[in-house]
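Data block below; observations after.
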Amino acid sequence: MNLYLIRHSIAENISIDKKDFDRELTEEGKLTITKASLAWKNFINNLDIVLSSPLTRAVQTAEIIAENIQNKPKVIIDNNLGIGSRTSDLLDLLNGIDFKNVAVVGHQPDLSHHINNFCGTGNFNLAFPPAALAKIEFENSIKYAKGKLIYFIPPLIHI
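Position 8, counted from 1, in the sequence shown is what this note's numbering calls 8; the numbers after and before it change by one each time, with no gaps.
Written out as structure tokens, the structure is:
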């Protein structure tokens, strides 16, 4: 089983005119995640599903990824993947679906916490920039400290 953790791409700055929840990707953010997800074809052949945080910038990122992956996977939005998501909630969500390859689009520092929890790396503080990709591989089922971090690809490699 393969779990792909992806941070949303570059988003608008926080302003008094727009709630954090509603911040959209910038044009640069759209271009960055488009280029990145097209380059990921070398690493990801197919995804069974793309799970996304409900925040606008994450949903936009997930939709661009799904459009650019060969098999055009379905995007499912889950409120438990918003800012402050817990690994226990993600684990419950993942164990409730049948998949071999799933992507999760989320936020920092949550994604780093998920890597720590799934890979048993303790308090490893991974800088997870917008539009970065991490692949965690599990032998049989997804469990705490049973995953192996296969790769981490920052966005600048794709551009």
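Note that the Cβ used here is the ideal one computed from N, Cα and C, for glycine as well.
Exercise for the section: Please determine, among LEU91, ILE64, VAL50 and HIS114, the residue with the shortest C-alpha to C-alpha distance to ILE10. Expected result: On the sequence shown, position 10 is the one that residue 10 refers to. The residue with the shortest Cα to Cα distance from ILE10 is ILE64.
Exercise for the section: Report the residue from GLU27, GLN70, PRO54 and ARG57 whose alpha carbon sits nearest the alpha carbon of ASN101. Expected result: The sequence position of residue 101 within the sequence shown is 101, counting from 1. Closest by alpha carbon: GLN70.
Handout entry: Pair within 8 Å by beta-carbon distance, LEU94 and THR61
Key = In the sequence shown, counting from the first residue as 1, residue 94 sits at position 94. In the sequence shown, counting from the first residue as 1, residue 61 sits at position 61. No. Outside cutoff.
Handout entry: Continuous beta strand (DSSP E) stretch holding ARG7: start and end
Key = As a first step, residue 7 is located in the sequence shown; it is residue number 7 there, counting from the start. Its beta strand (DSSP E) spans residues 2-7.
Exercise for the section: Specify the secondary structure class of SER52 as computed by DSSP and reduced to three states. Expected result: Translated into the one-based positions of the sequence shown, residue 52 becomes position 52. Strand at SER52.
Exercise for the section: Give the straight-line distance between the Cα atoms of LYS14 and LYS135, rounded to the nearest whole angstrom. Expected result: Position 14 of the sequence shown, counted from the start, is the residue given in the question as residue 14. Position 135 of the sequence shown, counted from the start, is the residue given in the question as residue 135. Rather than Lys, the amino acid found at residue 14 in this sequence is Ile. Going by the C-alpha atoms only, they are around 29 Å apart.
Problem - Residues bridged to ILE76 (per DSSP) - result: The sequence position of residue 76 within the sequence shown is 76, counting from 1. Answer is LEU51.
Handout entry: Beta-carbon proximity check, LEU47 vs ALA103, cutoff 8 Å
Key = Taking the sequence shown and counting its residues from 1, one reaches residue 47 at position 47. Taking the sequence shown and counting its residues from 1, one reaches residue 103 at position 103. The answer is yes: Cβ separation under 8 Å.
Handout entry: Beta carbon of PRO155 nearer than 8 Å to that of ALA131
Key = Position 155 of the sequence shown, counting from 1, holds the residue named residue 155. Position 131 of the sequence shown, counting from 1, holds the residue named residue 131. Yes, Cβ-Cβ distance for PRO155 and ALA131 is below 8 Å.
Exercise for the section: Starting from GLU24, follow its DSSP beta bridges and name the residues at the other end. Expected result: For the purposes of this step, residue 24 is identified with residue 24 of the sequence shown, where counting begins at 1. Paired residue(s): none; GLU24 is not in a bridge.
Problem - Three-way DSSP call (helix, strand, coil) for LYS41 in this model - result: Working through the sequence shown from its first residue, we reach residue 41 at position 41. The answer is helix: DSSP assigns LYS41 an H, G or I state.
Problem - ILE16 burial status per 10 Å Cβ neighbour count (16 or more: buried) - result: What you label residue 16 is simply residue 16 of the sequence shown in a count that begins at 1. So ILE16 ends up on the exposed side.
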